[in-house]
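4 protein chains.
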Amino acid sequence: MTTDISADKSVFARRESQVRSYCRSFDAVFDRALGAELFDTEGNSYIDFLSGCSSLNYGHNDPDMKAALIAHITGDGIAHALDMYSSPKAEFLETFERLILAPRGMDHKVMMTGPTGTNAVEAAIKLARKVTGRSNVISFTNGFHGMTLGALSLTGNVSKRAGAGLPLGDVTHLPYEGSLGEDVDTLAMAEAMLDNGSSGIDAPAAFVLELVQGEGGLTAASRTWVEGIARLAKKHGAKLIVDDIQAGIGRAGSFFSFDEMDIEPDMIPMAKSLSGFGLPFALTLIKPELDVWTPAEHNGTFRGNTHAFVTAKIALEKFWSDDAFKDEITEKATVLTDGLQRIADMIPGARLKGRGMMQGVDVGSGGLAGAICAEAFVRGLIIETSGSEDEVVKVLAPLTTPMAQFKAGLDTLTDAASSCVETKIAAE
Amino acid sequence: MTTDISADKSVFARRESQVRSYCRSFDAVFDRALGAELFDTEGNSYIDFLSGCSSLNYGHNDPDMKAALIAHITGDGIAHALDMYSSPKAEFLETFERLILAPRGMDHKVMMTGPTGTNAVEAAIKLARKVTGRSNVISFTNGFHGMTLGALSLTGNVSKRAGAGLPLGDVTHLPYEGSLGEDVDTLAMAEAMLDNGSSGIDAPAAFVLELVQGEGGLTAASRTWVEGIARLAKKHGAKLIVDDIQAGIGRAGSFFSFDEMDIEPDMIPMAKSLSGFGLPFALTLIKPELDVWTPAEHNGTFRGNTHAFVTAKIALEKFWSDDAFKDEITEKATVLTDGLQRIADMIPGARLKGRGMMQGVDVGSGGLAGAICAEAFVRGLIIETSGSEDEVVKVLAPLTTPMAQFKAGLDTLTDAASSCVETKIAAE
Amino acid sequence: MTTDISADKSVFARRESQVRSYCRSFDAVFDRALGAELFDTEGNSYIDFLSGCSSLNYGHNDPDMKAALIAHITGDGIAHALDMYSSPKAEFLETFERLILAPRGMDHKVMMTGPTGTNAVEAAIKLARKVTGRSNVISFTNGFHGMTLGALSLTGNVSKRAGAGLPLGDVTHLPYEGSLGEDVDTLAMAEAMLDNGSSGIDAPAAFVLELVQGEGGLTAASRTWVEGIARLAKKHGAKLIVDDIQAGIGRAGSFFSFDEMDIEPDMIPMAKSLSGFGLPFALTLIKPELDVWTPAEHNGTFRGNTHAFVTAKIALEKFWSDDAFKDEITEKATVLTDGLQRIADMIPGARLKGRGMMQGVDVGSGGLAGAICAEAFVRGLIIETSGSEDEVVKVLAPLTTPMAQFKAGLDTLTDAASSCVETKIAAE
Amino acid sequence: MTTDISADKSVFARRESQVRSYCRSFDAVFDRALGAELFDTEGNSYIDFLSGCSSLNYGHNDPDMKAALIAHITGDGIAHALDMYSSPKAEFLETFERLILAPRGMDHKVMMTGPTGTNAVEAAIKLARKVTGRSNVISFTNGFHGMTLGALSLTGNVSKRAGAGLPLGDVTHLPYEGSLGEDVDTLAMAEAMLDNGSSGIDAPAAFVLELVQGEGGLTAASRTWVEGIARLAKKHGAKLIVDDIQAGIGRAGSFFSFDEMDIEPDMIPMAKSLSGFGLPFALTLIKPELDVWTPAEHNGTFRGNTHAFVTAKIALEKFWSDDAFKDEITEKATVLTDGLQRIADMIPGARLKGRGMMQGVDVGSGGLAGAICAEAFVRGLIIETSGSEDEVVKVLAPLTTPMAQFKAGLDTLTDAASSCVETKIAAE
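Chains as they are written, first to last, in full-length UniProt numbering: chain C, 1 to 428; chain W, 1 to 428; chain G, 1 to 428; chain E, 1 to 428.
Written as structure tokens, this is what we have:
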């Protein structure tokens, strides 16, 4: 788009804060994107196995959403409406109700929060505290829930927490399934601590958890464990908040990450792929009996991004009107498991993580995982690590990636891994 | 856009959380918007004196931004790129540097935060605490800075604060200029308290303030007071954070609300009209010596909304390449003052508030202010109240409103006020 | 008592923590004490104008209390009884009721807290928060309420606060009368801030204040101001907690510091001179309707020091059965005022502080005040400074000091001040 | 002492706060006490198996301490000296150094805190936070550390915590050994959580623990576990704080509860039996390299209770000059174990808890434990329960109880238990 973009690259060093991050792994200036591919200003193309950290589950610039959005803008469709009633909001709500909530028998209300995941989480814990009159919230090891002060308190990453410059409180962090080793029953442990009136753990307003931990190393909790936590929450009068920001919208295999489980979350913060197009959009589903907000008690200028309503509606209709897309995810997930197993087989001690299209390989060290991702980028594949030590090579490809392209991406990843393993062996 | 939109209206009652708010004042379903006008699904048009709470300073669907955005989408320009380098980001940064920062001699770095004002504020106070090693932050009576836990702690509104369900700490609230009555020197008071080593007010990491309080009743601080606070911050080793989310981008009369003052804020959170098109977008300007973030220490999926980069660049070029727009604001502000004075003259005790295109009339009670706004809506004007008692009728018209339309809007407002005052007199 | 005490002095350097403090001002090893005099191990005597910071209002080793305590111990009277019923407790309670509470029409309950002032304060604020369901507590500039975490949060001294190693929260510090200069009406200011629903000051559970600030520079609040604060507390549903730990038990002129005012505190923490003999003892008086504690909800091993019950009862009977002692205090207070005025007259800008037998001279700087106290010590007078800059020479003589000795002490102080002033003039 | 004490009993109901507690279990007015016996005002005698919750380890009114205290008072020995140097303090420090610290090679400094355990704990955690610059402190399930805000945050009991009326923060509560069942390795769990950089558990300033949990059910941690915690603290740069307030001074079998373990605590809060006579007295031992307090940074009027110095010195000399007393405790502890085993044998599922002279029987329910203690009181034995459900019958007899009397007390307890068990069986 610019005639001499290389000259512009210096502007990042000159004017963008040091806090910038992904650009350090992927040293290119991206310009266009389509489906599962990104193109930089020098004309190089890349297969995208990152998908905006699961914000682009339907790929880049889906043609149907694109058309609808262009039509909306062309027709002077409203772009910003605070939380006034608008036709795009009505249509989104109606579609969401019809295709997502009603078929599952969910009677949740939709709360339009500020258009970021962290805001949707903040709204949920505020409401849980307000409703229960309790302050303590339970979250879990390796959980990631956002960066504003309330959500950051829930987040496990100690270096991110330190950014607050404040002690973060009012949260009890319990060990997630598997985080103390395979043999340790963390559910029993949580129950024992909560049942003990002298544990020092104050009665919780809520349990907040991801069912597959996106930033925390792609650990997927078992159905037994999740249902146990749900039961524990109920037993102690706490609300169950499933943070489906990264694992939802098909990423973990179905629309909600908990579709296959026998739980009914009280609140569900959603964001990332919700708009379908990568536009900022978030909401929190809340059980109607908890909907005791006074008007604007939680507000925000950009709650209800109208452009996102337009694309989100199309996304719901296109992908979730029947089971075809879900079946496609399932099929692709098998391919993914097989591909990752091939990589794991190269590396002693490596193990698969995650489920659905949210899988990765724990290669044992952040060093090796980082090297594999760097090598993959050289070979035209965008992919990142995950985990408290960045030890997991994480595949977050668009769910819509054509199978051939998906396999090609996996082959590139395998080659990159192979190359790194050989280099490592040579060095030892 | 839908054939039978009236049928859809029930979906809001059925599925949208009680927290929804503006829709209660403006009972219509909005569909299209252009310039300073909104159109509902029944074909009614409204003049917009709310502008998305100052998120639409350039009006709705500005044709140049619209064209650029459509071109970007049409060309499969990247829509979501996390914080990778992208050509739209480079162009935005270069334009912002060239038209805004460089002419003012500002060497600030641009931190792309999550695309909400509250996130930009959270980033600023995190950084102030990190840099200073101090926890206390000073904010002011009637200030509004957001709804996530850190920003909410800064916010003055006690009922909004109560929504946290937690005691909010680490903030000292001092009285804003004028909030203790015209005669009380709140600057001297702040200085006396901070100079006293036994005041109980711990050394502050930062002072956070709006120069015109958008939600707090449109109080505009004097140059003397603001410069005094800046001096006080420096004296006590605290960072000066000017929250220009609502008052900035021309609203208060110039690009930054402090352009006419002799201060150099250490950090400046910006949002609302930043994208120019009503798209979610926020950033925090930070002095380069404070830019000590580690990569991703504060992050967020939607930091750096690419569509917003596209429109924001056009907005900067179109409106801030020279002084013409600023002069236009100044002229319109005079008309606004005159119009509001006519209203104030009808109401004993009423007084003007604010400055630039961020002015209103304190009519003495929330009841009367609310009645005026409700009456204005019936007459086709969208306008809201402000202030701790909702006692100020607040005009936040698009800065681009054509003069005739602007005057027509003011006339409608005057008529509405007149009607309410007559009704009130009749009732007494 | 030891044959070679000088050898033992090294043990302090060797084994006592650096936190020790008064020993740095008074470099002697004290051994015996009687009335208003202290004797060191080398046989030197000192007049005591410090009285254990008002813990020895009846002087050292009062013969009647001494006799009763020896009798109690000799007869194997119980020394430690947790909070079981004991005859000394019954007798103390009956005496306190008969001589103190009943004559004033006070129906307060007596809560035996841990035997320190800070514990009595912690109990009071816990109860205020429990009763009101609110977290915020208001305290005042230059207030001192103790060193445990809850009480420290109330305390104004910023360097003492820093000792917490934590941000201290849940307290709003408002300016005490006079702390912003003589002309500023801090009561009106407090009222304006509390009446403003957007002040950021959450509804308070309690106001906590001293009527004469012992550590904060001997500022005595006026009756008007105190009654105004009491009214303000009632208006906002907050409990009024008068910390009478240092100013009570006759120090400010009558048994309670508020005896001459038209207020009824909801809670009154007491300690220091309560035992009469310098023994650790504290309690909190609470209005019966607030006495909603469950058994042991606040507890502590040494609550209800039995030896202290024995001496406290004697103290009450001996000094508070009629008005003679109060009259004596009044008379001595006049002598004190006169004496301090003589000192103030020597020093430009000096001014008297305090009331009753809790008076001092603000000499304008901590340097001069410290020099006067140091010089006084050389001359055999024990006296300390007060105030945020240690700028006040503070007289806290035993209320029982014989008049001749009291005047002698004041003469010594005058001589010390005169000497320091001359030195200072010579140096300039 | 009074002629008609029965008349006085009503004063408690009339004037003492509902918070009173032990008096509800032991409905008598106590008057005198000697050795292991208490006498009420009606002439009844009781064997004391409570010892002021371990504050009377040497029994009541030990004749040697009594004589020394009377001599001190008779000679007008100083009663209250703030933290000035005094001969009794010198003698206490010299004796404590000679008999306790030096023989153990401990170079700790002695910090005189306010004379309550909670204050000693508050001082320790303040210092740990100050020294490390960290806020988080780790404490353990069922731990009890006091009732002021900082210490209460460490305490496990949820109902006591609720008394704060505030969320209690800055503490992570981890499970104590055995609290998750015998099979769960809580040490490994703690290590796994602390080693995980995404556990959400911020780097700790300190670990605070009791080696035998006095209020928490007399659980005694194993040497392996304690040494593991000490190692873990060192590994993570945290200070090790052993709260020896209840378990120390011989109670758990030796002077310090950790004498038989290979650990060196950084800080040791002590109180309860420290004075030897039941007088309020507390201190915190701190490693010299941590003694970075500024003078009076933590202070308190009654720090360094002079009467307590006098008796504490005698106690140290009488009981800790050689191993005789320790051997006597060991012998008595065996008798205690045997006696409690007899009771446990009556009750299915009952099990012994604790060690040294700090043992009890977990009888499975608070109801039964309470009934046994109530029945024991009727039979002239004062004894209390412990544990989060009050399920442990806890023996805290004076360590000096003559063997015959001790056995008689145990027989009474056995009879009471037997009676209750029979009643229970009859009722089933």
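Even glycine gets a Cβ: it sits at the ideal position worked out from N, Cα and C.
Write down the C-beta distance between residue i and residue j rounded to the nearest angstrom, noting that I regard them as a contact closer than 8 Å.
i: G:S179; j: G:N142; result: 6 Å
i: C:L154; j: C:L194; result: No, C:L154 and C:L194 are not in contact; Cβ-Cβ is about 17 Å, not under 8 Å.
i: C:E389; j: C:S365; result: 7 Å
i: E:M84; j: G:C23; result: 5 Å
So, helix, strand or coil for residue i, using DSSP?
i: G:T284; result: strand
i: E:S87; result: helix
i: E:S153; result: helix
i: G:S386; result: strand
i: C:D48; result: strand
i: E:I347; result: coil
Alpha carbon to alpha carbon, how far is residue j from residue i? Give it in angstroms, no decimals.
i: W:I229; j: W:T186; result: 10 Å
i: W:T3; j: C:V242; result: Its pLDDT being 44, under 50, W:T3 is placed unreliably by the model, and the measurement read from it follows with that caveat. Between W:T3 and C:V242, the C-alpha separation is close to 36 Å.
i: W:A371; j: W:S273; result: 28 Å
i: C:D266; j: C:A333; result: 29 Å
i: C:P115; j: C:I263; result: 26 Å
i: G:V19; j: G:L82; result: 30 Å
i: C:E391; j: E:V292; result: 41 Å
i: G:E16; j: C:I201; result: 37 Å
i: G:G304; j: G:A271; result: 12 Å
i: E:V363; j: E:D345; result: 10 Å
i: C:A164; j: W:I125; result: 8 Å
i: W:C420; j: W:E428; result: 12 Å
At the 8 Å Cβ level, is residue i part of the contact set with chain C, yes or no?
i: E:V158; result: yes
i: E:G150; result: no
i: E:D243; result: no
i: W:Q18; result: yes
Report all residues from its chain with a CB closer than 7 Å to the CB of residue i; omit the five preceding and five following residues, and keep chain order.
i: C:A376; result: I383, T412, L413 and A416
i: W:D170; result: S135, N136, V137 and S153
Kindly say whether residue i, judged by its beta-carbon, lies nearer than 8 Å to any beta-carbon of chain W.
i: G:G250; result: no
i: C:M270; result: no
Does the beta carbon of residue i come closer than 8 Å to any beta carbon on chain G?
i: W:M358; result: no
i: E:I70; result: yes
i: W:D4; result: The predicted position of W:D4 is uncertain, since its pLDDT is 49 and thus under 50; a value taken from the coordinates is nonetheless stated next. For W:D4, the answer is no, since every Cβ of chain G falls outside 8 Å of its Cβ.
Cutting at 6 Å between CB atoms, please list the residues of its own chain near residue i, excluding the five before and the five after it.
i: G:G59; result: G35, A36, P398 and T400
i: G:R134; result: A203 and A205
i: C:D338; result: none
Consider the Cβ of residue i: report whether some Cβ of chain E lies at a distance smaller than 8 Å.
i: C:V184; result: yes
i: G:L218; result: no
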